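All remarks here apply to the structure that follows.
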Ligand SMILES: [Zn+2]
Ligand SMILES: [Zn+2]
């Protein structure tokens, strides 16, 4: 792909002044900045293209080479473009100084030392199936970062003072010129805080924050399902410099039940029923969440038949009633038989139609036809 002309990219004349080039680039960079076009690959390409053009045209020497030799003049080695520096994403202050925060660039532009909201925390809580059905109250222990009370977050021992870092004059950053860009790195003397402490607080060792475990009581509503979460406002970490507290999210994981399976607010279970009951009809007991329910089985009930017990499912977590319980009939085949049972079954078997092992049996109807007959 051939490269576009740098003047064309920036939309300026070849005689454009440095100031015109700069403001043209500023306009394009603001328009196509990735922070303002999240996920837009074309905007990012346009942004990089403008940055590359500006990197050349803003540099008198490179611009001169470009004017005489075109892209070849500034494209040392070919690949990588005209010394396009990816750190352009990291620091814009030289281009955007004076614009303030009105453009709301995310990341890296938050003022150091200003109030920041505390981090949100996540706690994964496992509860039993019965607890999810009935609701419960449980206590959890959550470690979080809190502002040190001894030094009220300054990190300095009581009576001692916090001083502005001499190396970075309190900015917390050291700036380096790299081509046309200014690159900022955290100050090594104060580790980016902008402050030095003569006598650090002994409680927090100068960090201003300490990790503390908190015991909290969590109310879990009946009907909660795996993956649902509860937000405990203000139970996250402390903010810095008076910033608000973060929140705590308790994410619930419900253990499986050996008998019930949940789907939305409905429950499903498989109930083994003896063959005579299925054949003759009768009544069986079905375990439910709270007790046992009587279920009428009509005569000739087939395995796989579904019965619905209304309102015997899970309670809705928002308090909107109960789901249903679906009971799927299965055949219970005894593994051990008494002498009498064996005798009776043999008697029964004698009265049943003969079941040949293939379609060429003694009866006239084909195998699958006879199979069908047996079950109707
Ligand atoms: Zn402290
Ligand atoms: Zn410093």
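In the working numbering, the protein residues as written are 289 to 664. Yeah, the Cβ is synthetic: ideal placement off N, Cα and C, and Gly gets one too. Nothing here was measured: the structure is a model prediction, and the numbers come from that model.
Contact check, residue i vs residue j under 8 angstroms by CB: the rounded distance?
i, j, result
"residue 300", "residue 312", "5 angstroms"
"residue 527", "residue 443", "Wrong, their Cβ atoms sit about 16 angstroms apart, outside the cutoff."
"residue 535", "residue 521", "5 angstroms"
"residue 585", "residue 566", "7 angstroms"
"residue 477", "residue 453", "6 angstroms"
"residue 406", "residue 532", "7 angstroms"
Under a three-way DSSP split, which group does residue i fall into?
i, result
"residue 465", "strand"
"residue 507", "strand"
"residue 495", "coil"
"residue 309", "helix"
"residue 442", "coil"
"residue 333", "helix"
"residue 340", "helix"
"residue 407", "coil"
"residue 321", "coil"
"residue 435", "strand"
"residue 545", "coil"
"residue 657", "helix"
"residue 290", "coil"
"residue 472", "strand"
"residue 345", "helix"
"residue 500", "strand"
"residue 528", "strand"
"residue 565", "helix"
"residue 302", "coil"
"residue 316", "helix"
"residue 377", "Because the pLDDT at residue 377 is just 41, under 50, the model does not fix this residue reliably, and the point stays unresolved."
"residue 370", "Here the model assigns residue 370 a pLDDT of 38, short of 50, so the residue's position is not dependable, and the following value carries that caveat. Residue 370 falls in the coil class under three-state DSSP."
Provide the residue span of the alpha helix (DSSP H) that contains residue i, from first to last.
i, result
"residue 637", "627-639"
"residue 298", "294-298"
"residue 421", "417-422"
Quick check on the DSSP output: the beta strand (DSSP E) that includes residue i runs from which residue to which?
i, result
"residue 483", "483-485"
"residue 355", "Run containing residue 355: none in the beta strand (DSSP E); it sits in the alpha helix (DSSP H), 348-357."
"residue 558", "554-562"
"residue 451", "450-452"
"residue 519", "517-520"
Nearest chain B C-beta to residue i closer than 8 angstroms, yes or no?
i, result
"residue 605", "Here there is only one protein chain, and chain B is not present."
Check your understanding: Taking only runs of the beta strand (DSSP E) that begin and end inside the stretch 571-629, which ones reach a length of at least 3 residues, in chain order?
Key -> The stretch 571-629 is shown to contain whole beta strand (DSSP E) runs of 3 or more residues at 580-585, 594-597 and 613-620, in chain order.
Point to revise | Any heavy atom of ligand 1 within less than 5 angstroms of residue CB: hits in chain order | key: The filter returns 436, 438, 439, 489, 491 and 492, in chain order.
Check your understanding: Listed in chain order, which residues are found with a beta carbon closer than 6 angstroms to a heavy atom of ligand 2?
Key -> Every residue passing the under-6 angstroms Cβ criterion appears here: 453, 455, 456, 460, 475, 477, 478 and 482.
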